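2 protein chains.
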Amino acid sequence: MRVFMAEKQISIATVQVDLRNGEQYSDTFRAINPRCTVPVLELEDGSHLSEAIAICWYLERRFPENPLFGTDPAQQARVLMWNALCEQEGVYAVAEAFRNRAGGLEGKALTGPLGYAQIEALAERGRTRVQRCMADLDERLARTPFIAGDNFSVADITALVAIDFAGWIKLQIPEKCAHLAAWYRKVAQRPSTSA
Amino acid sequence: MRVFMAEKQISIATVQVDLRNGEQYSDTFRAINPRCTVPVLELEDGSHLSEAIAICWYLERRFPENPLFGTDPAQQARVLMWNALCEQEGVYAVAEAFRNRAGGLEGKALTGPLGYAQIEALAERGRTRVQRCMADLDERLARTPFIAGDNFSVADITALVAIDFAGWIKLQIPEKCAHLAAWYRKVAQRPSTSA
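Residue numbers (numbering that gives the first Met the number 0), protein chains in the order written: chain Z, 0 to 194; chain A, 0 to 194.
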């Protein structure tokens with residue numbers, strides 16, 4: 000969300016939720032988001048949105064300058080498609096690898112109030128998926144300058160988050176993925192990424 | 000997609016992919032969608048879209064009549080949020096339960112060309128997640144007539160797909176989920192659902 004807001008050049012008051020100490024499970028936070036996940040956006044009417052894609056789309060509609068979802072129907076659809084793939088095969092795959100093995104997350108292999116036991120085989124599967132995702136993105140970036148096509152979009156932000164998050168499971172962009180590595184250097188230089 | 004197109008009152012030539020016999024892994028289909036998933040939409044320029052959310056959004060923009068994503072930014076964001084939740088906790092959770100146990104899907108626990116071994120614990124976790132998802136949707140539908148708010152939307156279609164798909168793992172809406180059951184009866188009566 001930080002990178003997204005910086006790219007849109009908008010500034011919204013933020014509150015950091017102390018995930019490490021389980022603040023997302025507190026009664027106060029549950030009243031805001033019963034699913035106990037971040038990010039959450041509070042709207043003017045006091046209601047709340049969860050799910051990154053929903054929050055980003057809301058901000059895109061409210062602040063149309065510097066579009067991050069493309070503009071015509073085909074572009075927008077391509078952004079949604081690649082964003083979904085980067086989320087599913089990137090971010091969620093890292094989470095699968097990380098949450099099913101990390102000490103301190105026993106019984107918390109999925110986000111949410113109810114908890115799920117860790118599954119060792121799933122931690123391993125997550126690592127495989129992340130590596131395959133990187134190879135797929137490398138192939139994609141051999142053909143287009145940005146993930147969803149000619150322009151930087153929210154799909155690039157999701158991919159960037161996935162790759163940075165992969166550091167937590169000690170996976171870096173492999174040497175053979177030269178296109179992905181070049182893309183990463185390019186997007187990591189954008190001012191938004193140090194926001 | 001069938002229900003979505005019927006609600007939009009649009010008609011597009013469709014081709015059935017023989018998933019049971021593995022047509023999605025054929026060279027012909029891989030050239031269309033290297034991820035070997037359905038649905039896929041072919042655009043006028045010959046390019047292809049995968050991922051249901053991307054295809055539905057493209058059709059929404061091209062055929063704005065009978066909106067299924069809401070209209071103002073907050074409505075649209077709420078539709079995207081609930082659609083993501085129904086997909087993740089509904090459709091994908093059923094897939095997790097089904098694909099990790101079904102005979103004939105050994106080595107195919109996730110969609111895609113590369114395959115993943117079945118994990119028995121995951122089949123069980125999937126069932127738990129589906130049951131929790133139904134309870135969450137029941138709670139939601141105690142407060143709103145449709146999943147994303149006052150109007151029928153693509154989130155209702157995704158929820159409907161999840162519940163019908165849950166029949167494959169022998170899970171029905173439990174009796175205690177009266178709001179969800181009433182909603183199901185209501186949406187199942189729409190002409191689109193028999194399209």
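Backbone N, C-alpha and C fix where the C-beta goes; we use that ideal spot for every residue, glycine too.
Just so we're clear, the structure is a prediction, and the values are computed from it rather than from any experiment.
Residue pairing of residue 49(Z) in beta bridges, as defined by DSSP: 39(Z). Listed by position along chain Z, the residues whose Cβ is nearer than 8 Å to that of residue 50(A) are 79, 80, 83 and 84. Contact between the region 104-115 of chain A and the region 34-42 of chain A is present: three or more C-beta pairs spanning the two stretches fall below 8 Å. Within the same chain, 176 come within 7 Å of residue 134(A) by CB-CB distance, once the 5 residues on both sides are set aside. One alpha carbon belongs to residue 192(A), the other to residue 152(A), and they sit about 13 Å apart. No Cβ-Cβ contact shorter than 8 Å links residue 2(Z) with residue 179(Z). Scanning chain A for C-beta atoms nearer than 7 Å to the C-beta of residue 56(Z) yields 75, 76 and 79, reported in chain order. Considered as a whole, the region 69-116 of chain A harbours 72-84 and 91-98 as its complete alpha helix (DSSP H) runs of no fewer than 4 residues, in chain order.
If the five residues before and after residue 124(Z) are omitted, its C-beta is found closer than 7 Å to the C-beta atoms of 95, all from its own chain and listed in chain order. With a contact defined as Cβ atoms closer than 8 Å, residue 49(A) and residue 80(Z) qualify at about 6 Å.
Just so you know, the alpha carbons of residue 97(A) and residue 18(A) end up roughly 15 Å apart. The alpha-carbon of residue 126(Z) is positioned some 44 Å away from that of residue 188(A). Judged by DSSP in its simplified three-state form, residue 148(Z) adopts strand. The CB of residue 72(A) comes closer than 7 Å to the CB of 57, 60 and 61 in chain Z, given here in chain order.
By the neighbour-count definition (other C-beta atoms within 10 Å, threshold 16), residue 86(Z) is a buried residue. Beta-carbon to beta-carbon, residue 77(A) and residue 89(A) are separated by about 17 Å, too far to satisfy the 8 Å threshold.
Residues of the region 102-134 of chain Z with a C-beta less than 7 Å from any C-beta of chain A: 113, 115, 118, 120, 121, 124 and 131, listed in chain order. Runs of alpha helix (DSSP H) with 4 or more residues, each lying fully within the region 135-187 of chain Z, are found at 153-165 and 177-187, listed in chain order. Against chain A, a Cβ distance below 8 Å from residue 42(Z) picks out 73. Flagged as an interface residue toward chain Z: residue 53(A), by a C-beta distance shorter than 8 Å.
Straight-line measurement puts the Cα of residue 106(Z) at about 36 Å from the Cα of residue 149(A). Rounded to whole angstroms, the separation of the alpha carbons of residue 8(A) and residue 164(Z) is 42 Å.
The alpha carbon of residue 16(Z) has as its nearest neighbour, out of 6(Z), 40(Z), 4(Z) and 5(Z), the alpha carbon of 40(Z). Annotation: residue 122(A) to residue 63(Z) spans about 43 Å, alpha carbon to alpha carbon. A straight-line Cα-Cα distance of about 21 Å links residue 66(A) and residue 140(A). In this structure, the beta-carbon distance from residue 42(Z) to residue 73(A) falls below 8 Å.
Contact between residue 82(Z) and residue 52(Z) holds, with the beta-carbon distance rounding to 7 Å and staying under 8 Å. For the pair residue 28(Z) and residue 38(Z), the Cα-to-Cα distance works out to about 11 Å. In terms of Cβ geometry, residue 5(A) and residue 190(A) form a close pair [threshold 8 Å].
Buried is the label assigned to residue 137(Z), since at least 16 other Cβ atoms lie within 10 Å of its Cβ. Note on residue 167(Z): under 16 other CB atoms within 10 angstroms of its CB, so exposed under the neighbour-count rule. The Cβ atoms of residue 75(A) and residue 182(Z) lie no closer than 8 Å to each other.
At the C-beta level, residue 132(Z) and residue 92(Z) come within 8 Å of one another. The Cβ atoms of residue 162(Z) and residue 172(Z) lie closer than 8 Å to each other.
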